[in-house]
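Residue numbers (the numbering used here), protein chains in the order written: chain D, 5 to 331; chain F, 5 to 331.
Comments concern the structure below.
Protein chains: 2
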Amino acid sequence: MDILVIGAAGMIGRKLTARLVDDGALNGRPIGKLTLVDVNAPAKPDKFGGTVESVAADIADSAAVRGIIGARPDVIFHLAAVVSAEAELDFEKGMRINLDGSRALLEAIRAIGDGYRPRLVFTSSIAVFGAPFSDAIADDFHLTPLTSYGTQKAIVELLLADYTRRGFVDGIGIRLPSIVVRPGRPNKAASGFFSSIIREPLAGQEAVLPVEDSVLHWHASPRAAVGFLVHAAGLDAGKLGPRVNLTMPGVCCTVAEQIAALRRIGGDKVAARIRRQPDPLVARIVAGWPRRFDPRRALTLGFRGEASFDDIIRVHIEDELGGKIVN
Amino acid sequence: MDILVIGAAGMIGRKLTARLVDDGALNGRPIGKLTLVDVNAPAKPDKFGGTVESVAADIADSAAVRGIIGARPDVIFHLAAVVSAEAELDFEKGMRINLDGSRALLEAIRAIGDGYRPRLVFTSSIAVFGAPFSDAIADDFHLTPLTSYGTQKAIVELLLADYTRRGFVDGIGIRLPSIVVRPGRPNKAASGFFSSIIREPLAGQEAVLPVEDSVLHWHASPRAAVGFLVHAAGLDAGKLGPRVNLTMPGVCCTVAEQIAALRRIGGDKVAARIRRQPDPLVARIVAGWPRRFDPRRALTLGFRGEASFDDIIRVHIEDELGGKIVN
Numbered sequence: 005m006d007i008l009v010i011g012a013a014g015m016i017g018r019k020l021t022a023r024l025v026d027d028g029a030l031n032g033r034p035i036g037k038l039t040l041v042d043v044n045a046p047a048k049p050d051k052f053g054g055t056v057e058s059v060a061a062d063i064a065d066s067a068a069v070r071g072i073i074g075a076r077p078d079v080i081f082h083l084a085a086v087v088s089a090e091a092e093l094d095f096e097k098g099m100r101i102n103l104d105g106s107r108a109l110l111e112a113i114r115a116i117g118d119g120y121r122p123r124l125v126f127t128s129s130i131a132v133f134g135a136p137f138s139d140a141i142a143d144d145f146h147l148t149p150l151t152s153y154g155t156q157k158a159i160v161e162l163l164l165a166d167y168t169r170r171g172f173v174d175g176i177g178i179r180l181p182s183i184v185v186r187p188g189r190p191n192k193a194a195s196g197f198f199s200s201i202i203r204e205p206l207a208g209q210e211a212v213l214p215v216e217d218s219v220l221h222w223h224a225s226p227r228a229a230v231g232f233l234v235h236a237a238g239l240d241a242g243k244l245g246p247r248v249n250l251t252m253p254g255v256c257c258t259v260a261e262q263i264a265a266l267r268r269i270g271g272d273k274v275a276a277r278i279r280r281q282p283d284p285l286v287a288r289i290v291a292g293w294p295r296r297f298d299p300r301r302a303l304t305l306g307f308r309g310e311a312s313f314d315d316i317i318r319v320h321i322e323d324e325l326g327g328k329i330v331n
Numbered sequence: 005m006d007i008l009v010i011g012a013a014g015m016i017g018r019k020l021t022a023r024l025v026d027d028g029a030l031n032g033r034p035i036g037k038l039t040l041v042d043v044n045a046p047a048k049p050d051k052f053g054g055t056v057e058s059v060a061a062d063i064a065d066s067a068a069v070r071g072i073i074g075a076r077p078d079v080i081f082h083l084a085a086v087v088s089a090e091a092e093l094d095f096e097k098g099m100r101i102n103l104d105g106s107r108a109l110l111e112a113i114r115a116i117g118d119g120y121r122p123r124l125v126f127t128s129s130i131a132v133f134g135a136p137f138s139d140a141i142a143d144d145f146h147l148t149p150l151t152s153y154g155t156q157k158a159i160v161e162l163l164l165a166d167y168t169r170r171g172f173v174d175g176i177g178i179r180l181p182s183i184v185v186r187p188g189r190p191n192k193a194a195s196g197f198f199s200s201i202i203r204e205p206l207a208g209q210e211a212v213l214p215v216e217d218s219v220l221h222w223h224a225s226p227r228a229a230v231g232f233l234v235h236a237a238g239l240d241a242g243k244l245g246p247r248v249n250l251t252m253p254g255v256c257c258t259v260a261e262q263i264a265a266l267r268r269i270g271g272d273k274v275a276a277r278i279r280r281q282p283d284p285l286v287a288r289i290v291a292g293w294p295r296r297f298d299p300r301r302a303l304t305l306g307f308r309g310e311a312s313f314d315d316i317i318r319v320h321i322e323d324e325l326g327g328k329i330v331n
């Protein structure tokens, strides 16, 4: 089993790599080779028995992508993306990486043309949906993104479905909830504060909250996201049918409920480290995002997220803080 | 008022041109210049007081498209497309014309960049939807095309909405029903038989029906389609909001009801000229198409189609046959 991870240096990419190395197998088959690709060469994991290749490549460079796909990986995880706020601020970069890059990948796979048909797991986003919404967004809600990022993800979903229908690839798109708690420093995603308001207070630092407490959103932990990716890699295409893009399960809660969970787990002193400082750009982007889903298909197909925001915080404390918080 | 029609040599393009020449005005303003573009230079209309330019250009040729857009037309009708069966048989051609060509147009408009923001009317298709369907497909039904043509149209809808949201263009996408009765010879569209079974019998010729009588579909006349385009050109963007792609009104009926209407208008001898000859490829494509819509938004915004299939046949007899049929 040869596996390719594109976007392997990102947060989810690193955690996915660690999980694959730990498991040593995918879909019940031992992993012989891991190819890790990102715009800067990803770090090679220790303690992996098979071959690891680390490649620096621009996903929008068709020739580079053809070179990587020429090794015919069995499973491809496509995580590479310019995040939402960056794609909104730099339209051309978002189109180049999120749309043209994904298309270069699909075309490189199609170009092999001798029956090569790898499983391609694409990380899409709930940003493919845009307001106004129904109370709980069903799997058959229409695609009306209100950001360029959401537009680019929705377009790749459509391409993925058509390339899969035509037999060029065996694709599955998974719409990740907002991933919290992201470890490390804030990134440029407009959703960054959903993590900051948990991560910084647990580490003894102040966090900035740029939106109202009443903002409702859809969350899963990094550990759950990696679980979705691994489950997607092994899913029977026959069960999936022609609708290959799926909304993943998540925890729906308000910012106020996030803070209440933080208080339950960390105490008042931790929760008091959140400072309110409204940001109109972030508020505007988040206002166009979906809130609550009815991810019936994903649940039926065996995808599992957390049961509560408390669980999401506990995953962060276990996986990132060695079980310790700064009271 | 300068108007650009891309795809002007096609059936709808020619009828739209004739209507614009007849009206001499659009949105209440006189038409000073008409630029007609197609892969082969379109015929120039007689009896037009203003300037007419006829241009042969490949819409996927970015430089050619930039040259055309450099003249800064006020209203652009984008009708150019590879039809459904052709896009299914020749994947690369469909992607190049239907997707890359539309993107070249959007990019040429964006490249002007000094506040130029023309009204762009894009002809999309009900093929952006795919089975399984609800009983009546509402405006918020999701995009799950089951053909490459539908995929390409859906992608351009998403681009059109994002370019409009960002202020690069003033776009509106109209999803045409199947247009019947198409005049002239059959084209490569899988939907061609919906016209053939009316047009050929009325002209004294035999027609082939490749699907079951029970096939249900959504129809409008060429005259109604031109009406939709002209109405879209004048629509207030403020009333449209961020959801710029609209399903047009149509007549929902089965093939059996089409034939019954033909018999009412033309008599038994005309209706007897239909020969049944199943075609699995056409049947498979049509099976994935939507049938019945709830085009509430379009109706609220003033779009009007025919009231019955009898009306659609009468439009054909008036506009194409000079009122005469071959009994």
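In this text, a Cβ means the ideal position worked out from N, Cα and C, and glycines have one as well.
Alpha carbon of residue 300/D to alpha carbon of residue 245/D, nearest angstrom: When rounded, the distance between both Cα atoms is 15 angstroms.
The region 85-117 of chain F: positions lying closer than 8 angstroms to chain D by Cβ: Within the region 85-117 of chain F, the residues whose Cβ lies closer than 8 angstroms to some Cβ of chain D are 95, listed in chain order.
Cβ-heavy atom distance, residue 216/D to the ligand GDP, below 7 angstroms: The model on display carries no ligand, and the ligand GDP is accordingly not part of it.
Rounded straight-line distance, which links the Cα of residue 127/D to that of residue 100/D: Their backbone Cα atoms lie some 17 angstroms apart in a straight line.
Cβ neighbours of residue 142/F in the same chain (closer than 6 angstroms, five flanking residues each side left out): So the list reads 298, once near-sequence residues are dropped.
Exposed unless 16 or more other CB atoms sit within 10 angstroms - verdict on residue 327/F: With fewer than 16 other Cβ atoms within 10 Å, it is exposed.
Buried or exposed by the 16-neighbour rule on C-beta atoms within 10 Å, applied to residue 255/D: Buried is the label assigned to residue 255/D, since at least 16 other Cβ atoms lie within 10 Å of its Cβ.
For residue 274/D and residue 205/D, believed in contact at Cβ under 8 angstroms, the rounded distance: At roughly 5 angstroms, the Cβ-Cβ gap stays under 8 angstroms, so residue 205/D and residue 274/D are in contact.
Where residue 2/F falls: helix, strand or coil (DSSP): Since the first and last residues shown for chain F are 5 and 331, residue 2/F lies out of range.
Alpha-carbon spacing of residue 235/D relative to residue 180/D, whole angstroms: Rounded to the nearest angstrom, the gap between the Cα atoms of residue 235/D and residue 180/D is 13 angstroms.
Min CB distance residue 178/F to chain D below 8 angstroms: So, not an interface residue.
Neighbourhood of residue 51/D by C-beta distance below 8 angstroms, restricted to the same chain and skipping five residues each side: 25, listed in sequence order.
Contiguous beta strand (DSSP E) assignments of at least 3 residues, all confined to the region 243-310 of chain F: For the region 243-310 of chain F, whole beta strand (DSSP E) runs of length 3 or above, ordered along the chain, are 249-251, 255-258 and 278-280.
Buried/exposed call for residue 102/F, threshold 16 Cβ in 10 Å: Buried, by the Cβ-count rule.
Contact with chain D by residue 159/F, beta-carbon distance below 8 angstroms: Closer than 8 angstroms: yes.
Listed by chain order, chain D residues near residue 297/F by CB distance under 9 angstroms: Residue 297/F does not reach chain D, its nearest Cβ partner there being about 13 angstroms away, counting only Cβ pairs nearer than 9 angstroms.
Given residue 296/F as reference, the closest of 112/F, 145/F, 18/F and 98/F once Cα atoms are compared: When each option's Cα is compared against that of residue 296/F, the closest is 145/F.
Same chain, Cβ closer than 6 angstroms to residue 71/F, neighbours up to 5 away in sequence not counted: Within the same chain, residue 71/F has no close Cβ partners at all.
Backbone secondary structure at residue 193/F - three-state DSSP: Residue state, collapsed to three classes: coil.
CB contact below 8 angstroms: residue 247/F versus chain D: By this cut-off, residue 247/F is an interface position.
Test: residue 146/D CB closer than 8 angstroms to a CB of chain F: So, interface residue.
The region 103-110 of chain D touching the region 17-34 of chain D, judged by at least three CB pairs closer than 8 angstroms: Too few Cβ pairs lie closer than 8 angstroms, so no.
Spatial neighbours of residue 112/D in its chain, beta-carbon cut-off 6 angstroms, leaving aside the 5 residues before and after: Once the five neighbours on either side are set aside, the close Cβ partners of residue 112/D are 69, 70 and 73.
Among 164/D, 89/D, 123/D and 187/D, nearest to residue 15/D - alpha-carbon criterion: Each of 164/D, 89/D, 123/D and 187/D was checked against the Cα of residue 15/D, and the nearest Cα belongs to 187/D.
Contact the region 152-160 of chain D vs the region 150-164 of chain F: 3+ CB pairs below 8 angstroms: Yes, the region 152-160 of chain D is in contact with the region 150-164 of chain F.
Per-residue DSSP class, three states only, for residue 133/D: Secondary structure at residue 133/D: coil, using DSSP grouped into helix, strand and coil.
Closer than 8 angstroms to chain F by CB, residue 233/D: Not closer than 8 angstroms to any Cβ of chain F, the Cβ of residue 233/D fails to qualify, so no.
Range of the contiguous alpha helix (DSSP H) that encloses residue 146/D: No alpha helix (DSSP H) contains residue 146/D, which DSSP labels as neither H nor E.
Residue 330/D classed as buried or exposed, judged by whether at least 16 other C-beta atoms fall within 10 angstroms: Exposed, because fewer than 16 other Cβ atoms sit within 10 Å of the Cβ of residue 330/D.
Residue 29/D, DSSP secondary structure in three states: Under the three-state reduction of DSSP, residue 29/D is assigned to strand.
Chain-ordered chain D contacts of residue 23/F [CB-CB under 9 angstroms]: Simply none; closest approach about 31 angstroms.
Under 8 angstroms by beta carbon: chain D residues contacting residue 155/F: For residue 155/F, the chain D residues whose Cβ falls inside 8 angstroms of its Cβ are 162, 163, 165 and 166, in order along the chain.
Within chain D, the residues that residue 134/F reaches when beta carbons sit closer than 8 angstroms: Result: 246.
Test item: CB-CB of residue 56/F and residue 38/F under 8 angstroms: Yes. Within cutoff.
Contacting residues, own chain, Cβ-Cβ under 7 angstroms from residue 190/F (five flanking each side not counted): Taken in chain order, the residues that qualify are 196 and 200.
Start-to-end residues for the alpha helix (DSSP H) that takes in residue 157/F: 152-169 is the extent of the alpha helix (DSSP H) around residue 157/F.
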